[in-house]
Every structure is written in structure tokens, then in C-alpha cells.
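Peer 1: Protein sequences, first through last, are from chains A and B.
Under our numbering, think of the first position of the first sequence as 22, with each following residue one higher.
Under our numbering, think of the first position of the second sequence as -1, with each following residue one higher.
The beta carbon of each residue, even a glycine, is placed where N, CA and C say it ideally should be.
The structure displayed is predicted, hence computed values, not measured ones.
Provided herewith is a single structure, encoded as C-alpha cells, for subsequent inquiry.
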Amino acid sequence: MRIAIDRGKCCGSGMCVLTAPEVFDQDEQDGLVVLRATRPPDDRDEAVREAAALCPAGAIEVSD
Amino acid sequence: MTEAPTAAPPLPTARECPLDPPAALLERQRSCPVGRLGFPDGAAGWLITGYDNVRAALADPRFSSRKELLRSPFSPHEPTAAEPGFFIYTDPPEHTAQRHLLTGQFTLRRMVSWTERIERIAADCLDAMEAAGPPADLVPSYAMALTSQVICELLGVPHEDRADFQRDSAVILDTGVPLEQAMAAVGSMQRYLRDLVEARRREPSDDIIGGLAGHPELTVEQVANIGFLLLSAGLDTTSNMISLGTYALLTHPEQLDALRADPALIDAAVEELTRYLTVNHYGPIRAAAEDFEFAGVGLKQGETVVLSAFAANRDPARYPEPDRLDFARGGRGHLSFGHGIHQCIGQQLARVEMRIGFSALLGRFPGLRLAVPPGQVPMRDKSLIYGVHSLPVAW
Chain A
22 MRIAIDRGKC CGSGMCVLTA PEVFDQDEQD GLVVLRATRP PDDRDEAVRE
72 AAALCPAGAI EVSD
Chain B
-1 MTEAPTAAPP LPTARECPLD PPAALLERQR SCPVGRLGFP DGAAGWLITG
49 YDNVRAALAD PRFSSRKELL RSPFSPHEPT AAEPGFFIYT DPPEHTAQRH
99 LLTGQFTLRR MVSWTERIER IAADCLDAME AAGPPADLVP SYAMALTSQV
149 ICELLGVPHE DRADFQRDSA VILDTGVPLE QAMAAVGSMQ RYLRDLVEAR
199 RREPSDDIIG GLAGHPELTV EQVANIGFLL LSAGLDTTSN MISLGTYALL
249 THPEQLDALR ADPALIDAAV EELTRYLTVN HYGPIRAAAE DFEFAGVGLK
299 QGETVVLSAF AANRDPARYP EPDRLDFARG GRGHLSFGHG IHQCIGQQLA
349 RVEMRIGFSA LLGRFPGLRL AVPPGQVPMR DKSLIYGVHS LPVAW
């Protein structure tokens, strides 16, 4: 699974961090998304898909 | 399905059951999920009630948040423009720039780091309740006390000013006080916030007002208004979630037992209560920024659209048996905090407050119960933020 984030769309809601904290983080200055791993371990797949679905700004794209 | 504007029905508000949406609202979801809505000034707009459509609309930039376009479903007054700093009522690019100033202050990590602070505030409130002995009204002694002190911490209100600040907040948010008294409290609060901003300009501090006060491009008025916005958006909502949530717990004993048996269920319980109760029960509200087609319907520029998050959160297409409070379900993906670029900036703080608020209360009082029959608990039927006027409890 590959993850792409768009910081231009990100509104800093933190929902991705809440859903998949091993994969997503927030920049402490501007609150925007930071990827901790572009190719996370397989057992995080479902959490990452959920994070992408929950993102209010549609800033996360997931591809296999 | 469209109706002639003169036949457009108003927004259904009368509830048959205190915790469920009006039957008429759910009927609209079944029969006319994107339908005409009548406004008090005679104009017609739209009411959207299905989960997928409400969510899509909230992420669609053709739905504007500009205050001067938004008709109220209840008041016939002409909409007015937002005061400077009230970015909730602006569109990009103004919205983006102003919200961006705050996002770093509301990160998940930062809000979670407040856990100890908020636990201490909750413990102090519970100590006072315990010392006074049962019964107690949970609204002022816990829900309001806890959440208004958290706002004080967030904004950086000095300890010596908090009693006055909390008194003014309580009046501003009290739907029962006469208008002049409410306006006087608003004036007093706004003056106080302006003075606080001026003081922080001279001596910066590590809190929201302190962080914004020194910003070269923001006026004192803007910073004070941002403070007022955070106060008005973040206090009533969380406070009512705690008191109404406690009412829900005490009237759903199987769910309460499940939570007591497995305290790790708290985060799922908070999410499901947030879905189920949807305290911001009449919104969000948007206006068509241009003529466009949405879900097969032609919207005209300027028409006001009520996006019913409450109906959406009870959409059986999204949540099977939606009217069941079910902590095991978890309620994820609810629209109570909204969706899109305006999604509640304080949502992670709200989650932390609710997690601690419910856990500490249930932990302190294993025998917590309603001190009156459920039917005697007065509901905030006429308020924009739903909840209980008072919640008499015993332990």
C-alpha cells in the first residue's frame, strides 16, 4: 500500500493521527499532516484506509 | 422532488422522544432527502438529510459559509456579514488564512498533552460535588464548571479573572436570560477579551490569545473575536455533550453497564454518544455560492441549505439500527463535528474533555443515578445547541 498526502488540502483536523497514529503525525507548528511511513506494515492497511476515508479535506490518497 | 416555494415546509423541530430527531425530519430523509425548505421571511431554500449527500455537500466549495448569505431557519432577520475574526463564517481564501493561524494549537498531541490538566480540573469539580453532598445539578457543578475552566486554560485567562469570565460565559450561554442581560454579558466579555489581548501584546504567553496577540497582521479586535468564537463554539457544545451524555448513560443502563465493565470502551462510547446526540441539532447551514446541480436538484445562487447532520447521523444506510445507542458500534464517521474545511477545530480537545469528563464522573460515583424521573429532566428544546437545562443527580 502506498500513501500520498496533500498538505495543500490538509486542514489539520488530526483525524488521521487519531485513526492510524503509527502512520500519520501532525507538524507541531502548523498542525498539517506528516507521513511517518510512506509504505507502512500490512497490518496497518485497514487503519490507513479508514484514515483516508475520514479525512475531512480528502488530503490522503491510498493506492496498492 | 420539488415543491412550489410558497408550499415549502419549515424545518421540523418538535421531538417525540427527547434523544431522537423529530419524526418529521426522518420522514423527510425517507421521502424527500433533498427537498424544499421554507424560511420565516418567506424565502425557500433546501433541506438535505441523507448521510452521503450531507457529507458531500460539506466538502463541496460551491456551498458557501459566508454569514451574509445564511438565512436562519427560525428568525426572519436579514443576514448580516461576519465580524472580523469569525472565520467560521468565511470561505477560502479568508477562511484558510485565519484557520491556519490556529491549527498548530489544536493538534491531537497537544490536546492529549492536556490530559493531566483536565483530569485535575475534573477532580476539583467532583471534590466540590462530593463535599456538598447529593443531590447535585450536574450542569453547573460539573459540565459547565469543567468545560469553562478548560476554555480559560486554552485562551490563557488569568486565574484571578476566571470567576468573572465563567459567570459571563454562563449568562451568554443561558437560553433563559432576558436579551438585555445576555447582551450586557456579551459586551462585558468582548471588552475583557480586548483588554486581555492588549495585555498579551505587551507580555506574550503560551496560550492561544498569547500566541495570536503579537501577530503582526491581526488587529486587537480580530484576536478578541477569535477568542470569543472559540468560547462560543467550544463551551456550550462540550458542556451539553457531558450533561446530555450523562443523561443518555443513565437512561441506557445496558450501555452504562458495558462501559463500567470495560472502561477501555470510553473512546468508542464518546464517539457513539457524539453521533447519537448530535447536540448541534439544526445545522450546519450553507448557501449556494452559484447556480449548480447537486444530487439531481438545481440550486440557485444565494439559496440557504440546511445540511442536517442529526438526520445524517441517523441514516440507516450508513448506520444500521441508527436509533440504537451502541458503544460497540463506535459511531466513527459521524458528522457531529461537521466535515470539510470547517470541521470543528476543537474536536480533539472535545474528545479529550469528554473522555475525562465521563470517566472521572463514573469513577468517582459508582452509584450515580438520576435524582428525578427521566421525564422530568428539562430539555433545551428551543436552543441551537441541544442539551438539558439541568440534570439532578444523586450517588
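Note down the Cα distance separating L242(B) from C342(B), rounded to an integer number of angstroms.
Peer 2: Each residue's Cα considered, the two are about 19 Å apart.
Peer 1: Along the chain, where does the alpha helix (DSSP H) that runs through T40(A) open and close?
Peer 2: M36 to T40
Peer 1: With a CB to CB cut of under 6 Å and the five nearest residues on each side skipped, what residues in its chain are close to P16(B)?
Peer 2: M377
Peer 1: If you reduce the DSSP assignment to three classes, tell me which class G102(B) lands in.
Peer 2: Reduced to three states, the DSSP call for G102(B) is helix.
Peer 1: Run the proximity test for V148(B): is its beta-carbon closer than 7 Å to any non-hydrogen atom belonging to the ligand MN?
Peer 2: You won't find the ligand MN in this model; it holds no ligand whatsoever.
Peer 1: Can you list the residues of chain B that D51(A) reaches, using a CB-CB cut of under 8 Å?
Peer 2: H98, T101 and G102
Peer 1: Which one of E67(A), C32(A), V69(A) and P61(A) has the shortest CA to CA distance from H98(B)?
Peer 2: C32(A)
Peer 1: Since I believe G300(B) is in contact with L56(B) (beta carbons under 8 Å), could you give me their beta-carbon distance rounded to a whole number of angstroms?
Peer 2: Actually they do not touch by this definition, with Cβ atoms about 19 Å apart.
Peer 1: Verify the CB distance criterion: does G296(B) have a CB-CB separation below 8 Å to chain A?
Peer 2: Chain A, which has no Cβ nearer than 8 Å to the Cβ of G296(B), makes this no.
Peer 1: Measuring alpha carbon to alpha carbon, tell me which of R258(B), F308(B), P318(B) and V295(B) ends up nearest P364(B).
Peer 2: R258(B)
Peer 1: Could you compute how far the alpha carbon of D64(A) sits from the alpha carbon of E270(B)?
Peer 2: Linking D64(A) to E270(B) through their CA atoms gives a straight-line distance of about 25 Å.
Peer 1: Given that a residue counts as buried once 16 or more other Cβ atoms are within 10 Å of its Cβ, and exposed if not, what is G52(A)?
Peer 2: buried
Peer 1: Quick one: grab the DSSP three-state call for E201(B).
Peer 2: coil
Peer 1: For a cutoff of 8 Å on Cβ pairs, would you count G373(B) as touching chain A?
Peer 2: no
Peer 1: At a Cβ cut of 8 Å, what residues of the segment 157 to 178 of chain B count as close to chain A, listed as they run along the chain?
Peer 2: The residues in question: there are none.
Peer 1: On a CA-only basis, which of I264(B), P251(B), A161(B) and A287(B) is nearest A326(B)? Give me that one, please.
Peer 2: I264(B)
Peer 1: With DSSP as the reference, please indicate the residues paired to D255(B) in a beta bridge.
Peer 2: DSSP lists no partner for D255(B).
Peer 1: Identify every run of the beta strand (DSSP E) within the segment 28 to 107 of chain B, keeping only runs that are complete inside it and at least 3 residues long; order them along the chain.
Peer 2: Taking only runs of at least 3 residues, the beta strand (DSSP E) segments lying wholly in the segment 28 to 107 of chain B are 32 to 36 and 42 to 46.
Peer 1: Closer than 8 Å, CB to CB, is A72(A) near chain E or not?
Peer 2: Chain labels in this structure do not include chain E; the protein chains are A and B.
Peer 1: Can the beta-carbon of V218(B) be found less than 8 Å from the beta-carbon of R189(B)?
Peer 2: no
Peer 1: For R53(B), I'd like the list of residues in its chain whose CB is within less than 8 Å of its CB, leaving aside the five on either flank, ordered along the chain.
Peer 2: A310, L333 and H337
Peer 1: Taking G353(B) as part of the alpha helix (DSSP H), name the residues at either end of that continuous run.
Peer 2: Here residue 353(B) turns out to be Arg, not Gly, going by the sequence shown. Run containing R353(B): Q345 to R362, per the alpha helix (DSSP H) assignment.
Peer 1: Would you list the one or two residues that DSSP bridges to F45(A)?
Peer 2: L56(A)
Peer 1: Along the segment 189 to 202 of chain B, what residues have a CB closer than 9 Å to any CB found in chain A?
Peer 2: none
Peer 1: Hey, how far is the Cα of I170(B) from the Cα of A182(B)?
Peer 2: 9 Å
Peer 1: With DSSP collapsed to three states, give me the class of P3(B).
Peer 2: Low per-residue confidence applies at P3(B): pLDDT is 46, beneath 50, and the placement is therefore not dependable, though the value from the model is reported in the following sentence. The answer is helix: DSSP assigns P3(B) an H, G or I state.
Peer 1: Which value, in whole angstroms, describes the spacing of the CA atoms of L248(B) and A222(B)?
Peer 2: Distance between the alpha carbons of L248(B) and A222(B): 39 Å.
Peer 1: Are the C-beta of P77(A) and some C-beta of chain B separated by less than 8 Å?
Peer 2: yes
Peer 1: Which class does A293(B) belong to by DSSP, given the choice of helix, strand or coil?
Peer 2: coil
Peer 1: I want to see whether chain A comes within less than 8 Å of L347(B), judged by CB atoms only; does it?
Peer 2: So no, L347(B) is outside the interface.
Peer 1: Can you look up E196(B) in the DSSP assignment and give me helix, strand or coil?
Peer 2: helix
Peer 1: Any contact of the segment 138 to 147 of chain B with the segment 225 to 241 of chain B, i.e. 3+ C-beta pairs under 8 Å?
Peer 2: yes
Peer 1: Closest to D27(A) by CA distance: which of D66(A), V54(A) and E67(A) is it?
Peer 2: Ranked by Cα distance from D27(A), the first of D66(A), V54(A) and E67(A) is V54(A).
Peer 1: Rounded to whole angstroms, how far is the Cβ of G396(B) from the Cβ of R273(B), which I believe are closer than 8 Å?
Peer 2: The structure shown has nothing for residue 396(B), since chain B only spans -1 to 393.
Peer 1: Using a Cβ-Cβ cut-off of less than 9 Å, list which residues of the segment 323 to 350 of chain B approach chain A; keep chain order.
Peer 2: Per Cβ criterion, the list reads R330, G331, F335, G336, H337, G338, I339, H340, Q341, C342, I343, Q345, Q346 and R349.
Peer 1: Checking the sheet assignment: what are the DSSP bridge partners for D135(B)?
Peer 2: P390(B)
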